[in-house]
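J.:
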Amino acid sequence: MQLEKETNSEASRPNVLSSDVLAGGLFVLLGAGFLILAQDFGFGSLLRMGPGFFPVILSTLLIAIGLVVAVRGRAQQETLTLPRLGPHARVIMAMVLFAGLMQPLGSYLTMPMVVLLAASASPAFSWRSAVALALGLTVASDLIFRLGLGLPLHEFGHWIGG
Amino acid sequence: MDLLQQLALGFETALTPLNLFYCFAGVLIGTLIGVLPGLGPAPTVAMLLPLSFGLPPVSGFIMLSGIFYGAQYGGSTTAILINTPGESSAVVTALEGYQMARQGRAGEALAMAAVGSFIAGTVATFIIALLAPPLAKAALLFGPAEYFSLMVLGLIAAIALASGSVLKAIAMAIIGLLLGLVGTDVTSGVQRYTFGVLDLYDGVAIVALAMGLFAVAEVLRNLDAPEEGHATVAQITGLAAGLKSLRRAMGSILRGTAIGSLLGILPGGGATLSSFASYAMEKRLSKEPSRFGSGVVEGLAGPESANNAGAQTSFIPMLTLGLPSNPVMALMIGALMIHGIQPGPNVISEQPALFWGLIASMWIGNLMLVVLNLPLVGLWVRLLAFPYHLLFPAIIVITCIGVFSFSNSMFDVWMLIIFSVGGYVLVRLRCEPAPLLLGFILGPMMEEHLRRALLLSRGNPAVFLERPISAVMLLIAAILIISPALSVIRRRREEIFVED
Numbered sequence: 041m042q043l044e045k046e047t048n049s050e051a052s053r054p055n056v057l058s059s060d061v062l063a064g065g066l067f068v069l070l071g072a073g074f075l076i077l078a079q080d081f082g083f084g085s086l087l088r089m090g091p092g093f094f095p096v097i098l099s100t101l102l103i104a105i106g107l108v109v110a111v112r113g114r115a116q117q118e119t120l121t122l123p124r125l126g127p128h129a130r131v132i133m134a135m136v137l138f139a140g141l142m143q144p145l146g147s148y149l150t151m152p153m154v155v156l157l158a159a160s161a162s163p164a165f166s167w168r169s170a171v172a173l174a175l176g177l178t179v180a181s182d183l184i185f186r187l188g189l190g191l192p193l194h195e196f197g198h199w200i201g202g
Numbered sequence: 002m003d004l005l006q007q008l009a010l011g012f013e014t015a016l017t018p019l020n021l022f023y024c025f026a027g028v029l030i031g032t033l034i035g036v037l038p039g040l041g042p043a044p045t046v047a048m049l050l051p052l053s054f055g056l057p058p059v060s061g062f063i064m065l066s067g068i069f070y071g072a073q074y075g076g077s078t079t080a081i082l083i084n085t086p087g088e089s090s091a092v093v094t095a096l097e098g099y100q101m102a103r104q105g106r107a108g109e110a111l112a113m114a115a116v117g118s119f120i121a122g123t124v125a126t127f128i129i130a131l132l133a134p135p136l137a138k139a140a141l142l143f144g145p146a147e148y149f150s151l152m153v154l155g156l157i158a159a160i161a162l163a164s165g166s167v168l169k170a171i172a173m174a175i176i177g178l179l180l181g182l183v184g185t186d187v188t189s190g191v192q193r194y195t196f197g198v199l200d201l202y203d204g205v206a207i208v209a210l211a212m213g214l215f216a217v218a219e220v221l222r223n224l225d226a227p228e229e230g231h232a233t234v235a236q237i238t239g240l241a242a243g244l245k246s247l248r249r250a251m252g253s254i255l256r257g258t259a260i261g262s263l264l265g266i267l268p269g270g271g272a273t274l275s276s277f278a279s280y281a282m283e284k285r286l287s288k289e290p291s292r293f294g295s296g297v298v299e300g301l302a303g304p305e306s307a308n309n310a311g312a313q314t315s316f317i318p319m320l321t322l323g324l325p326s327n328p329v330m331a332l333m334i335g336a337l338m339i340h341g342i343q344p345g346p347n348v349i350s351e352q353p354a355l356f357w358g359l360i361a362s363m364w365i366g367n368l369m370l371v372v373l374n375l376p377l378v379g380l381w382v383r384l385l386a387f388p389y390h391l392l393f394p395a396i397i398v399i400t401c402i403g404v405f406s407f408s409n410s411m412f413d414v415w416m417l418i419i420f421s422v423g424g425y426v427l428v429r430l431r432c433e434p435a436p437l438l439l440g441f442i443l444g445p446m447m448e449e450h451l452r453r454a455l456l457l458s459r460g461n462p463a464v465f466l467e468r469p470i471s472a473v474m475l476l477i478a479a480i481l482i483i484s485p486a487l488s489v490i491r492r493r494r495e496e497i498f499v500e501d
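So the protein lines, in turn, are chains A and B.
Number 201 in this note's numbering belongs to position 161 of the first sequence; there are no gaps in the numbering.
Number 71 in this note's numbering belongs to position 70 of the second sequence; there are no gaps in the numbering.
#1: Taking its Cβ as the centre, do 16 or more other Cβ atoms sit within 10 Å of PRO192 (chain A), making it buried, or is it exposed?
#2: Alpha carbon to alpha carbon, how far is HIS231 (chain B) from GLY294 (chain B)?
#3: In three-state terms, what does DSSP make of GLY84 (chain A)?
#4: Since I believe TYR148 (chain A) is in contact with PHE196 (chain A) (beta carbons under 8 Å), could you give me their beta-carbon distance rounded to a whole number of angstroms?
#5: Could you compute how far the alpha carbon of VAL348 (chain B) sits from the alpha carbon of PRO445 (chain B)?
#6: Applying the criterion that 16 or more other CB atoms from any shown protein chain within 10 Å of the CB defines a buried residue, is ALA170 (chain B) buried or exposed?
#7: Would ILE200 (chain A) be called buried (16 or more neighbouring beta carbons within 10 Å of its own) or exposed?
#8: In chain B, what lies closer than 7 Å to GLN143 (chain A) by C-beta?
#9: Looking at the secondary structure, which residues open and close the alpha helix (DSSP H) in which ILE120 (chain B) lies?
#10: Taking 8 Å as the limit between beta carbons, can you name the residues of its chain near ARG130 (chain A), skipping five residues before and five after?
#11: Taking Cβ positions only, does PHE81 (chain A) come closer than 8 Å to chain B?
#12: Along the region 190-205 of chain B, where does the CB come closer than 7 Å to a CB of chain A? Name the residues.
#13: For ILE483 (chain B), I'd like the list of residues in its chain whose CB is within less than 7 Å of its CB, leaving aside the five on either flank, ordered along the chain.
#14: Suppose you measure from the CA of ASP182 (chain A) to the CA of LEU111 (chain B); what does that come to, to the nearest Å?
#15: Going by CA-CA distance only, name the one from A:THR121, A:ALA63, A:PRO163 that's closest to HIS390 (chain B).
#16: I'd like the list of long-range same chain contacts for SER77 (chain B), defined as Cβ closer than 7 Å, with 5 residues on each side in sequence excluded.
#17: When burial is assigned at 16 or more other CB atoms within 10 Å of the CB, is THR121 (chain A) buried or exposed?
#18: Look up ARG193 (chain B) in the DSSP assignment and give the residues it is bridged to.
#19: Can PHE215 (chain B) and PRO434 (chain B) be called in contact, C-beta distance under 8 Å?
#20: Thinking SER246 (chain B) and VAL297 (chain B) are a contact (beta carbons under 8 Å), I'd like their distance in whole angstroms, please.
#21: Would you list, in chain order, the members of the region 158-187 of chain A that have their beta-carbon closer than 7 Å to a beta-carbon of chain B?
#22: What are the start and end residues of the alpha helix (DSSP H) that includes GLU467 (chain B)?
#23: State the Cα-Cα distance for the pair VAL36 (chain B) and TYR70 (chain B), rounded to the nearest angstrom.
#24: How many Å lie between GLU219 (chain B) and PRO436 (chain B) at the Cα?
#25: Could you check if MET251 (chain B) belongs to the surroundings of the ligand SAM, using beta carbon to heavy atom distance under 7 Å?
#26: Do we get a CB-CB distance below 8 Å when we pair HIS198 (chain A) with the residues of chain B?
#27: Can you give me, in chain order, the residues of the region 123-154 of chain A that have a beta carbon less than 8 Å from any beta carbon in chain B?
#28: Report the neighbours of ALA63 (chain A) on chain B: residues whose CB is nearer than 9 Å to its CB, in chain order.
#29: DSSP beta-bridge partners for MET89 (chain A)?
#30: Are THR79 (chain B) and ILE360 (chain B) close, meaning C-beta to C-beta below 8 Å?
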């Protein structure tokens, strides 16, 4: 866990952004979103529950809990330290590449890109091992998933005439 | 048919060369993947689910179960050797097991885990054979009110065992319930939370949610702390020493098995709750509780047996009630339905070969696990030496392919990305994802049973308290959430977590 306890007196005042305040706020936002959208569903009655009945009750409950969590969280003695998010962004981007390019470009070109980008998120990244891994995974996944399991993961996509 | 005849039918089914092969393949692949750090049973089963689609239902299901307990066992190996529990139930295993490994007693710890799991698996298998048929008959008496209350009980049990704040755990369960409602409402046909997106009409894909919340979020969390603590593999010595201290730990193994078998039957129970309860019990019974945390055999053998027994008996609510008590069971239900089998009280009578074959194969699979793991311990360790900076890109790629393969839909991969980010944010905010996933699984069923119960009672909500079985289950749920016993469990959990 990256959550650090505050020690010096200056920072030990109730912190506005403790994890509970943020979590509570998130619950309230989510609850409000689900509640607003549920208005169009039709609430119905106890005898004949409409499609909106369950969502309205649940999201109201969620908002209430969120408020309590947030208010109680103001007394929390901790701050959230944000880690460097660069590596995380690279992993997410790698997944976006997979989702976006796998079909139009095909697995032979997309897989190495995904693996290299994801691997570059680690401080222990080295080109040699990453390229080897990319090749290995491309071949192995082609053999296992396309040939073995018959998944529609084409070698070359329609962008390049596959 | 009496029990012996039924078991004979089971072994007849499970011992055909084909099914033996799939059982072995499942156990082997499950162990191989489960032993990788960060991959617990749920992502392993999710990833390998498509393997079963082309097989006959019985063979496919036998293989999936093999993958499940193989992965469960593989996770313990990782927890003991390099202190990276792949899922929550292995956290307890890591407490004592890793300490033993650091003292050069890794072989002893691994042998203990293997034998303990085998004994627990054997007992739990018989418990399933004995209890499931009468429970399935009892389940036929269940009306919608009982089902609803049972699910409330399951959710509350999951909340009670989440670490950290109860309120946040309840909120997570509610978010899960709401996410479970996305899609076409079965009764009215109204589109809920689909934003007109065709891919959402059937709801959110469970694999995308489970893999995002657990597998990818875990990778992202590991990126928070860049230094690699994974590479230190403890020395393995004294496999034989394990068999010697077995006599000392036999009591713990049997107690763990009993606790696990019992708690596994509860929806929402299963492996995690069992291992925590067993650890707490062993600590209380021990003459020297202060030594716990420094590599005590009892503290490893008990929970390790308990989690295996619990994992096994969690098949009971799935097979008799059609209720999944954990993500793996939800995936199993998905697999059964793809094969055209509706899980529920009728499985045992309509599919006797499947049910009894599965039970027989569980015992065979457990035997295979021991045979496989005791001699292969050295190999597992070499597999673990695979550096994490090369392992996590592989996890990412395999996760993406696994999610895609579930319904050959790239839309699900986009959902996976969203849930990965969301899961990481929630972990950072100290919210446990397990109640969310259970809520997601139970959401649609809970709504449907609530609706039917209220319709039958002419809109009178008191029906949940007027029907005795339902009232008892709600009462237990209420006790779980308010009783002081809970605060004792919680304190113990915090004690358990103190060291990290």
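All residues carry an ideal CB built from backbone N, CA and C; glycine is no exception.
T.: Answer, in terms of the structure:
#1: Residue mapping note: residue 192 (chain A) aligns to position 152 of the first sequence, counting from 1. Under this definition PRO192 (chain A) is an exposed residue.
#2: Residue mapping note: residue 231 (chain B) aligns to position 230 of the second sequence, counting from 1. Residue mapping note: residue 294 (chain B) aligns to position 293 of the second sequence, counting from 1. Residue confidence for HIS231 (chain B) is low, a pLDDT of 45 falling below 50, so the modelled location carries little weight; the figure read from the coordinates is stated next. If you take the alpha carbons of HIS231 (chain B) and GLY294 (chain B), they lie about 20 Å apart.
#3: For the purposes of this step, residue 84 (chain A) is identified with residue 44 of the first sequence, where counting begins at 1. GLY84 (chain A) falls in the strand class under three-state DSSP.
#4: On the first sequence, residue 196 (chain A) is found 156 positions in, with the first residue counted as 1. On the first sequence, residue 148 (chain A) is found 108 positions in, with the first residue counted as 1. Indeed, because the Cβ distance is near 6 Å, the residues count as touching under 8 Å.
#5: Walking along the second sequence from the start, residue 348 (chain B) turns up at place 347. Walking along the second sequence from the start, residue 445 (chain B) turns up at place 444. So the two alpha carbons sit approximately 21 Å from each other.
#6: Against the second sequence, residue 170 (chain B) aligns to sequence position 169. ALA170 (chain B) is buried by the Cβ-count criterion.
#7: Within the first sequence, the letter at position 160 stands for residue 200 (chain A). The residue in question, ILE200 (chain A), is exposed, as its Cβ has fewer than 16 Cβ neighbours within 10 Å.
#8: Here residue 143 (chain A) refers to the residue found at position 103 of the first sequence. Near GLN143 (chain A) (Cβ distances below 7 Å), the residues of chain B are MET411.
#9: Mapped onto the second sequence, residue 120 (chain B) falls at position 119. Taken as a continuous stretch (DSSP letters only), the alpha helix (DSSP H) holding ILE120 (chain B) covers 107-140.
#10: For the purposes of this step, residue 130 (chain A) is taken as residue 90 along the first sequence, with counting starting at 1. Excluding sequence neighbours, ARG130 (chain A) sits near LEU157, ALA158, SER160, ALA161.
#11: Your numbering for residue 81 (chain A) matches position 41 in the first sequence. At least one chain B Cβ lies under 8 Å of PHE81 (chain A).
#12: VAL191, ARG193, TYR194
#13: Taking the second sequence and counting its residues from 1, the one referred to as residue 483 (chain B) is at position 482. Excluding sequence neighbours, ILE483 (chain B) sits near nothing in its chain.
#14: Within the first sequence, the letter at position 142 stands for residue 182 (chain A). Within the second sequence, the letter at position 110 stands for residue 111 (chain B). Rounded to the nearest angstrom, the two C-alpha atoms are 35 Å apart.
#15: Working through the second sequence from its first residue, we reach residue 390 (chain B) at position 389. Cα-wise, what sits closest to HIS390 (chain B) is A:PRO163.
#16: In the second sequence, counting from the first residue as 1, residue 77 (chain B) sits at position 76. Contacts found: ALA91, THR94, ALA114, GLU305.
#17: Residue 121 (chain A) sits at position 81 when you count from the first residue of the first sequence. Classification for THR121 (chain A): exposed.
#18: As a working note, residue 193 (chain B) is residue 192 in the second sequence. ARG193 (chain B) is bridged to B:GLY184.
#19: Stepping through the second sequence from its first residue, residue 215 (chain B) is reached at position 214. Stepping through the second sequence from its first residue, residue 434 (chain B) is reached at position 433. Yes. Within cutoff.
#20: As a first step, residue 246 (chain B) must be located in the second sequence, where it is residue number 245. As a first step, residue 297 (chain B) must be located in the second sequence, where it is residue number 296. Contact doesn't hold; Cβ gap of about 11 Å is too wide.
#21: ALA158, ALA159, ALA161, SER162, PRO163, ALA164, PHE165, SER169, LEU173, LEU177, SER181, PHE185
#22: Numbered from its first residue, the second sequence carries residue 467 (chain B) at position 466. Here the alpha helix (DSSP H) through GLU467 (chain B) covers 464-467.
#23: Sequence index remark: in the second sequence, residue 36 (chain B) carries index 35 (1-based). Sequence index remark: in the second sequence, residue 70 (chain B) carries index 69 (1-based). In a straight line, the C-alpha of VAL36 (chain B) is about 12 Å away from that of TYR70 (chain B).
#24: Start at 1 with the first residue of the second sequence, and residue 219 (chain B) comes out as number 218. Start at 1 with the first residue of the second sequence, and residue 436 (chain B) comes out as number 435. Taking the straight line joining both Cα atoms gives about 17 Å.
#25: Within the structure as shown, the ligand SAM is missing, as the structure has no ligands at all.
#26: Looking up residue 198 (chain A) in the first sequence gives position 158. Judged by the 8 Å Cβ criterion, HIS198 (chain A) is not in contact with chain B.
#27: PRO123, PRO127, HIS128, VAL131, ILE132, ALA134, MET135, VAL136, PHE138, ALA139, MET142, GLN143, MET151, VAL154
#28: For the purposes of this step, residue 63 (chain A) is identified with residue 23 of the first sequence, where counting begins at 1. Going along chain B in sequence order, the residues near ALA63 (chain A) (Cβ under 9 Å) are SER166, LYS169, ALA172, LEU427, LEU430, ARG431, CYS432.
#29: Within the first sequence, residue 89 (chain A) is the residue found at index 49, counting from 1. DSSP output for MET89 (chain A) lists A:GLY84 as bridge partner(s).
#30: Sequence index remark: in the second sequence, residue 79 (chain B) carries index 78 (1-based). Sequence index remark: in the second sequence, residue 360 (chain B) carries index 359 (1-based). No, they are not a contact pair.
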